[in-house]
Every structure is written in C-alpha cells, then in structure tokens.
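Residue numbers (the working numbering), protein chains in the order written: chain P, 1 to 561; chain V, 562 to 1122.
We treat Cβ as the ideally placed atom computed from N, Cα and C, and that holds for glycine.
Scroll down for the structure; my scribbles are underneath it.
2 protein chains.
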Amino acid sequence: MSRIRFALAQINPVVGDIAGNSALIRDAVRDAANAHASVVAFPEMALTGYPIEDLAFSPDFVDESEEGIRVLAGQLDADGSGDIAVIVGFVRRAATPSFGGAIAHNSLAVLFGGEVHSTYDKQHLPNYSVFDEERVFVPGHEPLALSLGGVKVGFLICEDLWRDEGPVETLAEQGLDVVVVINASPFDRTKDDNRFRLLVRRARQFTAPVAYVNLVGGQDDLVFDGDSAVVDASGTVCARAQRFESTILYHDVVGTAGGSGLDVRGRTLNLLAPVITPDKDELDDIWAALVLGVRDYVTKNGFASVALGLSGGIDSAVCAVIAADAIGADRVFGVSMPSQWSSDHSQSDAADLANRLGCQYDVQPIGDLVGPFEQQLQLKGLAAENIQARARGMILMALSNQHGHLVLTTGNKSEIAVGYSTMYGDTVGGYAPLKDVPKTLVWELAEWRNRAATDKGDPAPIPQNSISKPPSAELRPGQTDQDSLPPYDVLDSILDRLIDRRESISTIVKAGFAQELVSHIAHLVSINEWKRRQGAIGPRITRMAFGRERRLPITVRRSTL
Amino acid sequence: MSRIRFALAQINPVVGDIAGNSALIRDAVRDAANAHASVVAFPEMALTGYPIEDLAFSPDFVDESEEGIRVLAGQLDADGSGDIAVIVGFVRRAATPSFGGAIAHNSLAVLFGGEVHSTYDKQHLPNYSVFDEERVFVPGHEPLALSLGGVKVGFLICEDLWRDEGPVETLAEQGLDVVVVINASPFDRTKDDNRFRLLVRRARQFTAPVAYVNLVGGQDDLVFDGDSAVVDASGTVCARAQRFESTILYHDVVGTAGGSGLDVRGRTLNLLAPVITPDKDELDDIWAALVLGVRDYVTKNGFASVALGLSGGIDSAVCAVIAADAIGADRVFGVSMPSQWSSDHSQSDAADLANRLGCQYDVQPIGDLVGPFEQQLQLKGLAAENIQARARGMILMALSNQHGHLVLTTGNKSEIAVGYSTMYGDTVGGYAPLKDVPKTLVWELAEWRNRAATDKGDPAPIPQNSISKPPSAELRPGQTDQDSLPPYDVLDSILDRLIDRRESISTIVKAGFAQELVSHIAHLVSINEWKRRQGAIGPRITRMAFGRERRLPITVRRSTL
C-alpha cells in the first residue's frame, strides 16, 4: 500500500499562447511540489487553451503544441520536478486525418522524467451545444491506465466521462485506485448540479475516487468555472475547489498496485486538511461568471480600459458595476449622452452611479450631433429615433479610437431576443456583459449586488431609482419599453420556454400564455436573427445562449409564426 | 424490359416554408407529368429548404415536416399524379434522439398513390466546412432500393455518395438500373470538378447511371447552383441542367426488373432530345452565384429594394451592378456621400455608374454631419477618419429606416480578411455581395461583366476609371489602400494560401514571400476576427469563406504571428 498526493491545478490559460500557458503550468507544478504532490493534473487543453476551434486544422499550431509539450517536459525536469507525474491536455497530430479534414486529437500527456511518457486521445467528441469537436478533432480509440507510485490511475478527457459506453466501461473493469478526468467544461447556471450527479454516479461505478480538474477563465463567450473536485468511491465529495479562481486542490490517494509503474516521488506527507468549498447562492455564481468573462476578455485581448454609455437605466448600471468588479472602477469610462427626450433622472441617475462607483465620467449631449442628420435627411419616426442611438454609438466608438477603450454594449438577453435595439446604435461594442442575462435576472442581480455591498457595510453601488423606474429607451417623449413589449416577467417566461427549453408554441399556450402573444414573440425572435448575427459576443450563463449554441437561419419563412 | 422517364426537378425552396415549397413541388410534378415522366426526384430537404440548422431541434418544425409530407402525398394524388413516384427530401422524427439532443433524420420520402410509400434516412452526415449535420440530425442505418415500373432504383442522400463505405457499398452489390441521389450541395468555385469526378467514379462502380438532383437558390451565405445531371454507367455525362436556375432535367432509364414493384405510369414516350448544358467560363459562374445570392436574400426576406453607398470605386460599382442584375436597376438606390477629402472623380465616377446602370441616385455630402462630431469630441487621426465612414453608415441606415431598403455593404474579402474597414461605418448593412470575393477577383469580374455587355452590343456598366484608378478609402488627403497594405496581387496570393489553403507561414515563405510580410498579414487576419464576427453575411464562392466555414476564436495569443 502506498499513499500519494494528487494536485488538481485549476489554471486559466489563454488560447494559442503555448509559451505563456507553459509558464502557468510550471508555476503550478512548483507550488504543488512544495505541497508534497507526486502527481499534478491540469485541465483539458491546458497547454493550448480551449476551445481552439478551427485552429485545430492549422498544421503550424498542431506542430507548436507537440513541440510545446516536449519542451515543457524538459523544463519541468530542469525545474527539479522530473519525478512528478504531470498530466497536461494538449493537441496531438493524428496518424490519419478525418474525412472532414481534422488532423489532430484532443489529447492528454503524462510527463515524467523530462519526457512525454504516455498519451491518451479523447474518444467521445461532443458536437452539440457550444461544442464542435467532431468537426475539429479525430477521435481516439485506446484507453489509458498507469500505475503511478503504486496507485493505479485511469485517465479520461471530459466528454468521455459523460457517456456510458466506451472508455468508462473499459476503466470500470480494471480495479483502479483513482480516475483522473481532465476537463474544459464551461459554466451555465444549471451545469453544476449535473456535473456532481455524474461524478457521484461514476465514482460508485468505478468503486474508486474520481478526480475532476476543470479549466477556469473567460474565453470569448464561454466562462469556465473551475469547480475541480474529488468524489470518493462512496459518492461523497471529499475535496472541492473555489470556483471562478485559479487554484490548486489536493487529495491523497491510497494505492493497491505495489511498487509497479512510474516511480514518482513519494515524500512523507504532511497532514492534509480537506478543502471542500461550500456551494454559493446562484446569483453569486452568475455574478462571478459575468465578472470573470469581462475581466478575461479585456485583459486577454490587451485592453487597458472599457467605455460604456450610462443611460441612468438598470442595464448600463449593472454593466458598469460588473466592469468595475472585473478591472477596477478607475479603468471604467462612463458616458452620459442625453438628448432632448432624456428625462432629468436619466442624467442624475447616471451621475449618481458614476459617483457611487468612482468610475470616470463624462457627459456628451447628442442634440447638436443628431440635428444635422435629421435636417439634411428629413428624418421622421423610427429613422429619427434610431439616429439618436446611432449618434451615441459613434461617440463611444470615437472615444474608443481616441483612447483605446473596449466599448461594452449593454443590451440584455430579452432585448436581443426580440430585437429591441438599434443596429449600429446601442448594439455597438466589442463585448456584451448582459448578452445572456434576461431582463428580470438583470434586476435580481442588481438587488443582489447592492445587498452584497450593504451586507459588508459598503454603500450600494446601483442607485435605487435605476432599479425601480420603468425601463425606457427614451428615444421619444414618454416612451417606455412596455409600449412595444409585454411586461418583462411575462416576456422572460415566454422566452425561457421558447429559447432555453425549446418548447413548442402549443406547449407554451397550454401553460397559460395567449396564443397571439406567443406567436408574436416567436415571430420577433425569428425575424431578428440578422441583428443577433452581427451582435457582440458576451458571457454565456444559461443553457441556451445566443451565438454558437443556437444556430438558426436568417432567411426563414414559417407560416405558423 | 421497360423504359421510363425520370425527371430531376431542380427547385428553389425557402427554408421553413413548407406550404410554399409544397406548391413548388406540385407545380414541378405537373410539368414533369406533361413531359411524360413516371418518376420525379426533388433535392435533399426540398420540402423544408436547406440548411435548416438548429430548426431541426424544434419539435414543432419536425411535426410540420412530417405532416407536410403526408399532405403533399395526398395533394399529388388529388392533382392526378398519384401514379407518379415522387421523391422528396424532408425531415423525419427519429425513433431515438441522439446524445446531443438531435431528434430528427435528414430523410427522403417516396410518395405514391396518395401516401408516403417508403422513406430513407441519410447515413453519412457531413460535419465539416459549412455543414453541422452531426449536430442536428440522427444518422440512418437502412439502405433503400425499390423497383419503380420495372426499373430497380437505389436511393442516396448527398454525403452518402461521397463516402466509400456504407450505403454506396450496399447499393453497388444490388445490380441496380439507376441510383437517384438527392442533394443540397452548395456552390464554390472548385466544387463542380469534384462533383463530376465523383459522379463518374460512382456510376462506373454501380455499373448503372447516377441521377443527381441538386437544390438551386440562395440561402443566407450559401448559393446552391443546381447543376443536376445524369452520368451513365460508362462515366459519360448524358444529361446536365442549366446552373443557377430552377429547371427540370429529364432522362429515360431502361429497367431489368420486369413488372415488379410500384406500378408507376408508363406512357408511350415521345422522343427525348438530350439536354447537356455546356460548361461556362468560371467568371460567368461566379457572377451568376453572386447575383442569385443577392436576389434570393432580397426576395426571400421580403425587401423591395436595396441601398448602397457609391464611392466611385470598384467595389461599390461591382456591387451595384450585381444588385441591378439581381433585382433590376430601378430597385437599386445608390448614394454618393462625398467629404472634403473626396476626389472629384469619386463623385463623377459614381454619377457615371448610376447613369450607365439606370439606378436611383442621390448625393448626400457628409461635411455638415461629421463637423459637429469632430468639434464636440475634438477628434483627430484615426478617430476623425472613422467618423466619416460612420456618418455614411448612419445615412444608409436612415434611408433604410425611411424607405425599407436592404443596405448592401460593399467590402471585399481581402479587406475583410485584414480588417481594412471601419466598424459600424462601411461595414453597415444586411448583406455583403463581395464578402467572399478577393479584391483581384473583383477587378476580374468588373472586366468580365463589361466585356459580357459589350459583346452583346450593350454599353459597359462599370466606368473604366473605377477599374483603373488606385483604390482609396479617401478618409484623408492623398490616401491610398497601398499606404497600409501590400499590392493587392501580393496580398491576395498570401491570403489565398493562408486562409483558403490553410498553408503554414513557413510554407508560404518558402513559396517566395517575405517572412515579415506573411507574419504581419497573419497577425492582421487574427486580430480582426472580432470585426468579422459582427459582419454581414454574403454569398460564399470559395472553398473557405468567412463565417460558418471558418470558426476561430476572437481571443487568441500566438507568439509566432
């Protein structure tokens, strides 16, 4: 019997940055070595970042990954960690390309003694939801189990664990001491429960602990929450990492394989205090996901600051607070852009927010900018309304061009669903923090964030008036959102059923909504696909985000809608 | 021995419009009956349009398709065509959903006697290039062959024909008289050669003619070229339809099965003059694809007219002519939007084009519109340049809002690749005719289109000066594109290798291009992904179009670029 320490290193790589990600890996191995770990596991594609999408077709990139993993093995040895087994996800060239032209496997390497000791290729490639892995990877066919310092370890990559057939079956027959699963599993508000149910089921099936290590960080529209964990053979969670942060989780495993296999270092272990991070409030998790999504988009793309319009309304207020939590209020540049139709409170609420938050703040009235357009083009009605929104977009982009800000666009999921926005106006920007947040959830998050502040004795960042007042685009006198849309609680219920749950119109009507209203909403969703196709990306938090998760034609004609 | 007539009905359906597509199918069956056809084959997904993308997950839509095919069978019988075997592509509910949640097959129905006689489910689902069929469909497993009026017919759907294993093998062993393949195979400039090579190979393998019927029409970014054809057992093309048009191609097949199978009508046949449409010039095909793409986007989405900026340059001139060829010059609204930096020729060339084309024309100077922005925001340099492009975008969108025009954006593939454009400025619009046309090909097409006109004795539509002068964005005095970019022939050669051929940087350098230049271009392509993600769709004509065919992360960091 031997007892060795496993480290699950929940790191935040950047897609494509093999040198930078290698440095993260070396740092984490150093920390884990100091904590007496003999085995360190990193997430799926830790070397390359995830998802690499069609970069998997690039021969250059696959070469860089293969060279990178060899170099990393040598560096770890030179760092004095050659006797630690290091498990790293990377991209590996396949012997034969797929019919569709994929040239590489989604693989795992076991680094030991300065070399790539073994590899395992992912067998089940997810090709649904946000995943296109059948497109970009060649599936593997060989299972991998190794004895590491007397501990029999089985290896899986993410989707492999979710499918009953294939490598899970094979490993279940091998009497393993632990199964290590490396993952790149993005957050959504329902994911966590499913994930833990699965871990419990598999640990019982393997009659061995399952050590699950997941990426953390934002990558375009995806946010990886980490949530690395170990579930023991009885189905009990015996270690769980802090979510939404880079961290290392430790767990000691008892081996039955005697002295066989790789002779990893086996130090006298210090006593390990089990870390089991408790569950948090769902709103807390969603807020953390939004903040991480914004922070990583800003920093990984090299922006120093963000700019956004502050209308005095709830969406822009929540966006500004998310941005301040992500990168600091001093790097947030808010602009009030009042028109002749703007209420007094739109300006006072915006100023109040900027003051509470301590962000940079400017006022740029649009009257002198839109007047010439209205006169020269003799604009009326919708065209005149839209010019106001577009002038605001031009101001924000001009400030971005002058000062290098990333522009945040503040639209929420409900608006984006039904096209309640002005293209090239309020839709302008590189990132949309609330893209996947329905309006009713925006309000909940605002209340939650204010409460979180006051619970700590801090001032509430969001003015109560921005939360309480009826939402309005203020593009004409007395306008409110409810002139054009049903109340947001009704709208969001219908949208949740129609989009997130993919319910049929007849099912929604049976649930008590008016046929005419449901058909109208479904029609609006359908005809506004062209706007969404040109919209900024934003962090995904639901089980059905607009973008790569929901791919629908623009040109479509359905008599039933 | 019997001899019956097959009709291949190359129709242009609208995605989702089951009632409208059924009407197209009934009309074509009537025409084919008048031409004494006993079997009429329609393309893949003729009933639903293609691609339906994630509509395949909609239980409503799958129900509509299944109901639609039953109703169509009854209608055909009522039309007096119940004794014609009608082969139609549709969507069919699968007995068991896939792990990823797909609920339907991509299927083929044989309609006869007022009923759905048989179905076949596509077995090979393409999941590369522009296709996501592993995502949205459940694969089938059973082959289908039937005797129709004594002719033994095997059935395949599109990708099935391209794969050596599976249904092709099964059918090759059955001694068939003909194999009918229904397709939704989009145009690209290289596709046609590959397609015919495959047809020849399969016909020889089957020792039977292959009857290939393909969709025609534009659907978002895809253009289906039709090109339906019959290749006989010796590998000779014995019938071929006009491309890019709705049409019916006929071919008589001799049967060996005696009187068995479905008792389809067998009339005394009139003599069939073989139709073998000859190949055209490649530029002719590309032009036809662009025109069809624009026409179908405009008409299928219900627009009456298009608007675009006319700069006097080559891109906007070619776009205007494509639009005029697509929907008529009287429905094309061109706007010259000169600034203080606009050359005299930019206005005179734009006016000359409008005059030659006979399109609607307006002049809207931007000086009074951009001045207030420059002054209020104290803009300089790039920010001031971009304001000009954005003012033009605002004008076009205002005209769209006032008059209902679809705005066409005129950027070409070379510009879009390297991000040589102003977001929310010249990128504004719903459709981008030149999105997949490299700049050098824009010039070739302009010359070709002028020559095609003068060959017919018509005036050349594009002013020679727009073709000859050096391209310039005219956002500052004396600016030309070559201040920022290498000569377009060099740029397009590098882009073709980098993007279309997915060559590595080292391979391109070996072909004789400077390392620094290639790396710079690769870097520009990479950092401008965010612009492309927000760009309008446009017709695909190459083997690697931006959009669903090339899926890359926005956030990416590669030290080698």
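- Q937/V belongs to the set of residues whose beta carbon lies under 8 Å from a beta carbon in chain P.
- Taking 8 Å as the cut-off, the Cβ atoms of I648/V and L608/V do not count as close.
- Inter-residue distance for V931/V and K861/V is about 36 Å (C-alpha atoms, whole angstroms).
- CA-to-CA, the gap between I1082/V and I977/V works out to about 12 Å.
- Taking a contact to require three or more Cβ pairs closer than 8 Å, the segment 221–231 of chain P and the segment 242–254 of chain P qualify as touching.
- With contacts defined by Cβ atoms closer than 8 Å, I505/P and V490/P do not form a contacting pair.
- In the DSSP assignment, D121/P falls within the unbroken beta strand (DSSP E) covering E115 to D121.
- Counting of Cβ neighbours within 10 angstroms places I837/V among the exposed residues, the total staying below 16.
- At the C-beta level, A453/P and T422/P stay beyond 8 Å of one another.
- Excluding the 5 residues flanking it on each side, S414/P has same chain C-beta neighbours closer than 7 Å at P438, K439, Y488, L491, D492 and L495, in chain order.
- A772/V and G779/V have their alpha carbons spaced roughly 23 Å apart.
- F99, G100, G101, A102, P126, N127 and Y128: these are the residues of the segment 99–128 of chain P whose beta carbon lies less than 8 Å from some beta carbon of chain V, given in chain order.
- Under the three-state reduction of DSSP, F42/P is assigned to coil, being neither helix nor strand.
- Contact of Y981/V with chain P is not assigned, every C-beta pair being separated by 8 Å or more.
- For P999/V, not one C-beta of chain P is nearer than 8 Å to its own C-beta.
- Between the segment 187–207 of chain P and the segment 24–35 of chain P there are fewer than three inter-stretch CB-CB distances shorter than 8 Å, so the stretches are not counted as touching.
- Within its own chain, the residues whose Cβ lies closer than 8 Å to the Cβ of R1063/V, once the five positions on either side in sequence are excluded, are M1105, listed in chain order.
- Runs of the beta strand (DSSP E) lying entirely within the segment 733–757 of chain V and spanning at least 3 residues, in chain order: 739–744.
- S504/P reaches chain V at P620 and D621, counting residues in chain order whose Cβ is nearer than 7 Å.
- When secondary structure is reduced to three states using DSSP, I718/V falls in the strand class.
- By the Cβ-count criterion, H141/P is exposed, with fewer than 16 other Cβ atoms from all chains shown falling within 10 Å of its own Cβ.
- G635/V: member of the alpha helix (DSSP H) spanning P620 to L637, first to last residue.
- Minimum Cα-Cα distance from Y858/V among the listed residues V879/V, I888/V and S877/V corresponds to I888/V.
- Of all residues in the segment 422–435 of chain P, only M423, Y424, V428 and G430 place a beta-carbon less than 8 Å from a beta-carbon of chain V.
- For L1046/V, the closest of G980/V, P1022/V, Q1025/V and E1110/V by C-alpha to C-alpha distance is G980/V.
- Following the DSSP letters along the chain, one finds D225/P inside the beta strand (DSSP E) bounded by residues L222 to D225.
- Contact with chain P is found for L940/V, since one of that chain's Cβ atoms lies less than 8 Å from the residue's Cβ.
- Less than 8 Å separates the beta-carbon of P899/V from that of S907/V.
- In terms of Cα proximity to N270/P, the closest of T256/P, L434/P and R5/P is R5/P.
- Taking CB atoms only, E53/P has a neighbour in chain V less than 8 Å away.
- Close CB contacts of G74/P within its chain, under the 7 Å cut and outside five residues either way in sequence, are with G114 (chain order).
- Every alpha helix (DSSP H) of 4 residues or more that sits fully in the segment 88–151 of chain P is shown, in chain order, as 133–136.
- Our two residues, W530/P and G954/V, have alpha carbons roughly 17 Å apart in a direct line.
- At a cut-off of 8 Å between C-beta atoms, W443/P does not count as an interface residue with respect to chain V.
- In terms of beta-carbon proximity, G1096/V lines the interface with chain P, with at least one pair separated by less than 8 Å.
- Here DSSP, grouped into helix, strand and coil, assigns H597/V to coil.
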